[in-house]
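Engineer: Residue numbers (the working numbering): 6 to 94.
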Amino acid sequence: MLVSYDPAARATYVQIHEGAVARTVDITDTVMVDLDASGMPLGVEFLQVPADIPTEVIELVADRFPDFKVLLDADRWLAPGQPRQLAAL
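1) Nearest-angstrom Cα distance between alanine 13 and proline 59?
2) Let's test the definition: count the other Cβ atoms within 10 Å of the Cβ of aspartate 39 and tell me whether it reaches 16, buried, or not, exposed.
3) Within a Cβ cutoff of 8 Å, which residues of the same chain sit near methionine 45, ignoring the five residues on either side of it in sequence?
4) So, are the CB atoms of leucine 65 and isoleucine 32 less than 8 Å apart?
5) Within 10 Å of its beta-carbon, does valine 26 have 16 or more other beta-carbons around it, so buried, or fewer, so exposed?
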């Protein structure tokens with residue numbers, strides 16, 4: 006899993022699989038999921054700083070795309086003990 010944050014865009018991207026993006030699905034106005042040609046989710050972009058990503062939004066993404074259930078364990082991609090700060094992966 007790769008996690009990146011673009012401070013200029015205030016966007017957080019979590020990549021769970023490698024591959025070529027064939028299409029992007031809008032989950033909400035601020036959440037988009039990249040899919041490959043077979044429909045496998047590659048990554049999710051949150052147009053929010055990590056501290057502002059609500060758990061409910063992560064659950065919404067995980068419900069629609071089960072590969073993202075790993076994001077429900079925030080300690081895997083956010084630094085433990087420091088709410089919503091990116092972990093060094």
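Ideal placement from N, C-alpha and C gives every residue a C-beta, glycine not left out.
Structural biologist: Looking at the atomic coordinates:
1) Working through the sequence shown from its first residue, we reach residue 13 at position 8. Working through the sequence shown from its first residue, we reach residue 59 at position 54. Using only the alpha carbons, I get a separation of about 20 Å.
2) One-based indexing of the sequence shown puts residue 39 at position 34. By the neighbour-count rule (16 or more Cβ atoms within 10 Å), aspartate 39 is buried.
3) Position 40 of the sequence shown, counted from the first residue, corresponds to residue 45. Within the same chain, methionine 45 has close Cβ partners His22, Gly24, Asp72.
4) On the sequence shown, position 60 is the one that residue 65 refers to. On the sequence shown, position 27 is the one that residue 32 refers to. Contact flag set, yes.
5) Residue mapping note: residue 26 aligns to position 21 of the sequence shown, counting from 1. When all chains shown are included, valine 26 counts as exposed.
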